[in-house]
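Residue numbers (full-length UniProt numbering), protein chains in the order written: chain A, 1 to 153; chain V, 1 to 153; chain U, 1 to 153; chain W, 1 to 153; chain B, 1 to 153; chain Z, 1 to 153; chain E, 1 to 153; chain R, 1 to 153; chain G, 1 to 153; chain Y, 1 to 153.
All C-beta atoms, glycine included, are put in the ideal place defined by N, C-alpha and C.
One structure is given below, encoded as structure tokens.
Protein chains: 10
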Amino acid sequence: MTDTSNLKMLGSQTEQPQNPDEAILETVPYSGTAEAPCVVRFTCPEFTSLCPMTGQPDFAHLVIDYVPGPKLVESKSLKLFLTSFRNHGAFHEDCTRMVGRRIAQATECRWLRIGGYWYPRGGIPIDVFWQTGPMPGDVWIPDQGVPPYRGRG
Amino acid sequence: MTDTSNLKMLGSQTEQPQNPDEAILETVPYSGTAEAPCVVRFTCPEFTSLCPMTGQPDFAHLVIDYVPGPKLVESKSLKLFLTSFRNHGAFHEDCTRMVGRRIAQATECRWLRIGGYWYPRGGIPIDVFWQTGPMPGDVWIPDQGVPPYRGRG
Amino acid sequence: MTDTSNLKMLGSQTEQPQNPDEAILETVPYSGTAEAPCVVRFTCPEFTSLCPMTGQPDFAHLVIDYVPGPKLVESKSLKLFLTSFRNHGAFHEDCTRMVGRRIAQATECRWLRIGGYWYPRGGIPIDVFWQTGPMPGDVWIPDQGVPPYRGRG
Amino acid sequence: MTDTSNLKMLGSQTEQPQNPDEAILETVPYSGTAEAPCVVRFTCPEFTSLCPMTGQPDFAHLVIDYVPGPKLVESKSLKLFLTSFRNHGAFHEDCTRMVGRRIAQATECRWLRIGGYWYPRGGIPIDVFWQTGPMPGDVWIPDQGVPPYRGRG
Amino acid sequence: MTDTSNLKMLGSQTEQPQNPDEAILETVPYSGTAEAPCVVRFTCPEFTSLCPMTGQPDFAHLVIDYVPGPKLVESKSLKLFLTSFRNHGAFHEDCTRMVGRRIAQATECRWLRIGGYWYPRGGIPIDVFWQTGPMPGDVWIPDQGVPPYRGRG
Amino acid sequence: MTDTSNLKMLGSQTEQPQNPDEAILETVPYSGTAEAPCVVRFTCPEFTSLCPMTGQPDFAHLVIDYVPGPKLVESKSLKLFLTSFRNHGAFHEDCTRMVGRRIAQATECRWLRIGGYWYPRGGIPIDVFWQTGPMPGDVWIPDQGVPPYRGRG
Amino acid sequence: MTDTSNLKMLGSQTEQPQNPDEAILETVPYSGTAEAPCVVRFTCPEFTSLCPMTGQPDFAHLVIDYVPGPKLVESKSLKLFLTSFRNHGAFHEDCTRMVGRRIAQATECRWLRIGGYWYPRGGIPIDVFWQTGPMPGDVWIPDQGVPPYRGRG
Amino acid sequence: MTDTSNLKMLGSQTEQPQNPDEAILETVPYSGTAEAPCVVRFTCPEFTSLCPMTGQPDFAHLVIDYVPGPKLVESKSLKLFLTSFRNHGAFHEDCTRMVGRRIAQATECRWLRIGGYWYPRGGIPIDVFWQTGPMPGDVWIPDQGVPPYRGRG
Amino acid sequence: MTDTSNLKMLGSQTEQPQNPDEAILETVPYSGTAEAPCVVRFTCPEFTSLCPMTGQPDFAHLVIDYVPGPKLVESKSLKLFLTSFRNHGAFHEDCTRMVGRRIAQATECRWLRIGGYWYPRGGIPIDVFWQTGPMPGDVWIPDQGVPPYRGRG
Amino acid sequence: MTDTSNLKMLGSQTEQPQNPDEAILETVPYSGTAEAPCVVRFTCPEFTSLCPMTGQPDFAHLVIDYVPGPKLVESKSLKLFLTSFRNHGAFHEDCTRMVGRRIAQATECRWLRIGGYWYPRGGIPIDVFWQTGPMPGDVWIPDQGVPPYRGRG
Ligand SMILES: [Ca+2]
Ligand SMILES: [Ca+2]
Ligand SMILES: [Ca+2]
Ligand SMILES: [Ca+2]
Ligand SMILES: [Ca+2]
Ligand SMILES: [Ca+2]
Ligand SMILES: [Ca+2]
Ligand SMILES: [Ca+2]
Ligand SMILES: [Ca+2]
Ligand SMILES: [Ca+2]
Ligand SMILES: [Ca+2]
Ligand SMILES: [Ca+2]
Ligand SMILES: [Ca+2]
Ligand SMILES: [Ca+2]
Ligand SMILES: [Ca+2]
Ligand SMILES: [Ca+2]
């Protein structure tokens, strides 16, 4: 049974953090450290932040893959963390890497990658692909399979 | 056999007209006027014009359906006509209707409709749907089936 | 049991007719004339004819729907008939209507429609939709559902 | 609660009937006759019969829509009935209509239609669409949505 | 602003009802009765009940469209209602109509339809389509667009 | 040429309105009132507002079709208007209708419909379909074609 | 011929086990151990368990690939085993790995992997990918190809 | 020119073999042994055999890839061989490997793999992937790309 | 600027060669030999030849990838070459390899592969995959991604 | 925070450069050089240039992947650069490589690849795939996933 004794948010009334610095990623101990490693994938189809130059909202579809070490990220705190970027200004490249880096730090995971698939602004969309290091050889990680952007017709 | 005696462009060296007013839509007599009417569909996946406000290029996927009367549009002149919008500035609504109106006038067709599926600029794409009048009751016209625009993910 | 006594081609060694005029559409009596009418759909994804102006090959995907009257078209003779257009020169509009008209005449059917979905030549494909008259009200005819042409990407 | 007292096959050891004439379509009373009518759709993606001319197996994907009257068809007997065509020789048109007619007779239904989407033999597939009469005006029947046949590429 | 004063479940700790009879569908007043009518669609991709004959679990994807009268169904109570079928035994036809009828009664809606797209058992899936009466003429209701069942390959 | 003399925002530095009441939908005269009517479709794949009960963000994909009367909506002001719902709390039904009603009022259009396709919260997504009145008989309006929600797999 | 002498469930009346601990995975000897190894894939599109924190039902689409050693898993007992999770509470990560581990133990297989594609709860779905060790080099294992989760539009 | 002098079936009247042991896989010499190797793929979307336990029909979509050595399999005899499983009882794993092994033996090919994608029985489909040995390094073999099974919705 | 001084066909009146032996593949010097290599892909969705045994037409979708050495193939002569197979009789395996071999010889390319995706004849389509040698390690060659053949439904 | 002090175009009134030589690709310093590398993908679905032989417009869908070194390309200048090919005449192979080479030079990136997916002219489309050197081993670069060209039907 997963040990949830250190969780502060689950089941309690939690406030939405107003920016990523305020947000806290909670974790639970991972019960599977003694057996073959697994991979966990989160998909966030509704991520939004602000353009640092113009203040206009930016939108992305994020897919995160990680190989847990001692801890799993707790999903309610993950959601509040992701929502906290709503009024945060950052370039696509910086924003994508920041989401990945924070989850990697909080979970002390063995490996993590993040794909940021950003909505087009002005016709040329940007995707950002980042990983903490080479993919480990002993796990199975399907590709993320997000279809490429296209125009019309 | 289709009568092609009045065609000026086919097989000859033709210059690209520089704007829609210069372009001439040639026609050939339609051999099927004595039997049940047919519908002809053209698809132009690579239409481009200019934004009248900013001079930036706009792009659209056009689909045109028409019920011929006495004349068919000749396809090489149609192509030169469509290409002539390359440096023409007009709003999406005006541009789409102008393409439809010109073909309807040149062919004296019984009925015509045009769907203009414009590439997004700034995240909100515009589609324009225009027809010369109510769809005739005695013909079969499948829907154009262009999939709706979507974002990412 | 379907009466096949008048069939000349089935099971015998048949020569490929060299053009549509040589081809003969054979028929079998339809056993269902006493009950509610049915619709029969043929799909021919590999139709080819020649351009009457340039002699280059043209290609089309044809879909034919008909409501049988006293006769069904025999499918081997249908195939030989369709293959006989291989070296026949005709415009898309004429060719599509000719296929439909010949089947309608041979079967004395109650109603027929044909969709000719032609491969692009020079970037602007042409579709031709023809029917012998208004769609009968007492039958069920799903749309042909051929996806619209698109470019690349 | 549905009255199942007249069912002979359900829960008992039933033999596969060897042809459609041997097969019996069992029914259960329909509990909804006092309220607004419903539509029931069966999909059979693996129907097979024999060609009456050559003895080769034919394959079809069948979709059946019906508006129950006093009785529902019992699904185990339906399955045995459909499987009983395995060694039955019949043309596509006859076979499709026979499946529809038998279910309509057994259930005394208000209305029925059947779409028979046959696998291609020799490159030109045949679809057969049949209904017992005009579609009733007070029910909701989505189209069957089976995608059209296509070749390669 | 929607009047939520009569809601008992929202924000409180609610127990999962153990069957549909125990479940209560709560409602909120609809603020749009004075203007043109709207249509509301719920999609439930994870409905499950039990087979009344064998006790085996059945699964369905449900889509519900309704035209509100004076009340909207409250979505948390809707979810608990749908989950309450988890250990309820009923035929597909009865189960689908019961879900629709209960929502129609609770909301006193002008019109409702439900599509029940059941997972296959034994290779032949069943869909059930039910509506409370003829579709009203003054609203816009897109088709539900659930793709047809197919086998493999 | 479209008359743009009354536009305040285009080309100038415009502030993002903080809520829908602050936002102003600008218009331009429609040049096509003397000929057959057209339909204009906007797609907004990245609409976001807040849940009025919990303050959590909600997301939707909106598709708007309208038949212009004397005025077209100017697209930059439309975008700012849509973005102004970012911190606005409203139920899905109210929010969708408000977007439609505001555009209809600003353009004095002949007819408008809006489809709001909301992301799932808690597993059961809601779609809202609203129109200002019966669809006019003399225009061509393709269906919006947004695929139905589904779960996983 | 497969040796089925030790099977207890096949053909007999078997009770549904109420939880995974009660369920027994039966096996049959694998007849192919003397030739090149094969891979067997099971797909379970309708797996359901309970959330250990809230008691709400969770749903997943599972895909399992294994390389048999001396034994094959018998498919009826596999199905009863999977259904036994219906009232079992466990986190997604634990539940997915438990299914894989139990099958690996019962079959003494050379290698196994499991993909658990969970339905979204609260907008952020979780996938879990686990394997017993590095993929063997001498077998062919296509990717599972489950499309990535996406939102709407 | 391919040497076809040893073919017995092509062009002659051939009987359908009643089981796989009766069926003979004929071959023709491969003309390309002196140049770089090629890969040949057969797709059989309509394979059917019987369940050895219940006698019920099973269905599969088979895809076979092989690298020819001195001989090519003749396609008419291949088809008769595949059809000969129609009344043959075997487990999915045995049946799939038997098809592959027989073709490999008849052609003395350098390498072969077979994917058997079986239709679901009772909700949990089985796929079987088998190859004669490690994939050769000097050929190009695209993946088979058969989409994964899924349920409804 | 590409050197086109040795081209005979471009801009002149060229006759269609009647078979592959008559056809000449012209080339132009490749300007990129001093930098990192590129890959060029041609797609020919409308290739047709004749069956050498029966004289019936065969159809294929061809995709060709090559890494240029000193020369590029000129595309008009490529098209005439491909069209010249129209009345040429050859087995699928021979025909596919002949197309590849001729282009490789004419261009003296570093590497070439060809995928021949043939339309089904008699229900079992054949694909042929051939390459001149091992794929070079320093180029990027996406897979050809042609979807697998399937039947109906 | 990204250092944007050297940007000349962002926020200022910029003229569209008339050809690629006039266009300047601006850059910003990359803030992530001290951590694991990322990959950035641009998609340009509406690239157009001119055929150097005939002056007719050519169209392509471009996808560019690069691994930043010290600099990121600024996206507004990238867009102006891509648009500057509108009246530039070049072969597909040259044009595609020129886009890639210019971005690689401007950003001094570690690695870059470009896929040019060109619209068909005369029925046989050309794709061009180019990279600056072998793909680095320490980054994650999903394939570009652009579906292959196909004809009709
Ligand atoms: Ca993959
Ligand atoms: Ca396009
Ligand atoms: Ca349609
Ligand atoms: Ca989306
Ligand atoms: Ca339809
Ligand atoms: Ca595109
Ligand atoms: Ca094709
Ligand atoms: Ca629809
Ligand atoms: Ca199939
Ligand atoms: Ca439509
Ligand atoms: Ca599923
Ligand atoms: Ca794959
Ligand atoms: Ca592949
Ligand atoms: Ca589903
Ligand atoms: Ca790929
Ligand atoms: Ca099927």
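- Beta-bridge pairing by DSSP links glycine 89 (chain G) to G:Leu50.
- Taking CB atoms only, glycine 123 (chain Z) has no neighbour in chain R less than 8 Å away.
- Minimum Cα-Cα distance from glutamate 93 (chain E) among the listed residues E:Trp118, E:Lys76 and E:Thr107 corresponds to E:Trp118.
- Arginine 152 (chain G) and proline 29 (chain Z) have their alpha carbons spaced roughly 52 Å apart.
- Taking the beta carbon of isoleucine 126 (chain Y) as reference, the chain G residues within 9 Å of it are Val40, Arg41, Phe42, Thr43 and Ser75, listed in sequence order.
- The beta carbon of glutamine 18 (chain W) sits closer than 8 Å to the beta carbons of Ser84 and Asn87 from its chain, once the five residues preceding and following it are set aside; these are given in chain order.
- Apart from sequence neighbours up to five positions away, the residues of its chain that approach aspartate 58 (chain E) with a beta-carbon distance below 6 Å are Ser49 and Cys51, ordered along the chain.
- Excluding the 5 residues flanking it on each side, glycine 137 (chain A) has no same chain C-beta neighbour closer than 7 Å.
- Looking only at G:Glu26, G:Thr96 and G:Ser77, the smallest Cα-Cα distance to phenylalanine 47 (chain G) is reached by G:Thr96.
- Within the segment 133 to 145 of chain W, not one residue has a Cβ closer than 7 Å to any Cβ of chain Y.
- When C-alpha distances from cysteine 109 (chain A) are compared across A:Val73, A:Gln16, A:Tyr149 and A:Thr14, the shortest belongs to A:Val73.
- Membership of threonine 33 (chain R) in any alpha helix (DSSP H) is not indicated, and neither H nor E is assigned to it by DSSP.
- Put simply, of W:Pro125, W:Arg150, W:Gly122 and W:Trp140 the residue whose alpha carbon is nearest the alpha carbon of tryptophan 111 (chain W) is W:Trp140.
- Residue Z:Leu62 holds the alpha-carbon nearest to the alpha-carbon of glutamine 144 (chain Z) among Z:Leu62, Z:Pro20 and Z:Lys71.
- Note that the C-beta distance between threonine 33 (chain A) and proline 70 (chain A) is below 8 Å.
- The segment 89 to 128 of chain R is shown to contain whole beta strand (DSSP E) runs of 3 or more residues at 111 to 118, in chain order.
- Counting C-beta atoms within 10 angstroms of its own C-beta, glutamine 105 (chain Y) has fewer than 16 neighbours from the protein chains shown and is therefore classed as exposed.
- Sorting Z:Asp65, Z:Arg150, Z:Ile124 and Z:Leu82 by C-alpha distance to the C-alpha of tryptophan 130 (chain Z) places Z:Asp65 at the top.
- If you look at leucine 78 (chain A), you'll find it isn't in any beta strand (DSSP E); it sits in the alpha helix (DSSP H) that goes 75 to 83.
- If you compare the alpha carbons of A:Arg121, A:Pro147 and A:Phe81 with that of threonine 54 (chain A), the shortest gap goes to A:Arg121.
- Note on geometry: alpha-carbon atoms of glycine 123 (chain E) and arginine 113 (chain U) lie some 47 Å from one another.
- Using beta-carbon distances, arginine 113 (chain R) does not count as an interface residue toward chain B, since no partner is under 8 Å.
- Partner residues in the beta bridge of tryptophan 130 (chain V), as assigned by DSSP, are V:Ile114 and Z:Cys38.
- Going by beta carbons, phenylalanine 81 (chain E) and alanine 23 (chain E) fall inside the 8 Å limit.
- Of all alpha-carbon atoms in W:Thr107, W:Val39, W:Pro125 and W:Met135, the one lying nearest the alpha-carbon of valine 40 (chain U) is that of W:Pro125.
- When secondary structure is reduced to three states using DSSP, proline 17 (chain V) falls in the coil class, being assigned neither helix nor strand.
- Exclusion of the five residues before and after valine 146 (chain Y) leaves Tyr117 as the residues of its chain whose Cβ lies within less than 6 Å of its Cβ.
- Looking at the DSSP output, isoleucine 64 (chain Y) sits in a beta bridge with Y:Phe42 and Y:Ile114.
- Its Cα nearest to that of glutamine 56 (chain Y), the residue V:Gln16 stands out among V:Gly100, V:Gln16 and V:Thr43.
- Alanine 36 (chain U) places its beta carbon less than 8 Å from that of glycine 133 (chain W).
- For aspartate 58 (chain Z), the pairing in a beta bridge is given by DSSP as Z:Ser49.
- Cβ neighbours of leucine 78 (chain Y) within its own chain (closer than 8 Å, five residues either side excluded): Leu25, Phe42 and Ile103.
- In this structure, the CA atom of serine 31 (chain E) is about 31 Å from the CA atom of cysteine 38 (chain A).
- Annotation for cysteine 44 (chain A): Leu62 and Leu82 place their beta carbon closer than 6 Å to its own, counting only its chain and skipping 5 residues before and after.
- Any Cβ of chain U closer than 8 Å to the Cβ of phenylalanine 59 (chain Y) would place that residue at the interface, and such an atom is present.
- Take the alpha-carbon of proline 20 (chain G) and the one of threonine 27 (chain G): they are about 16 Å apart.
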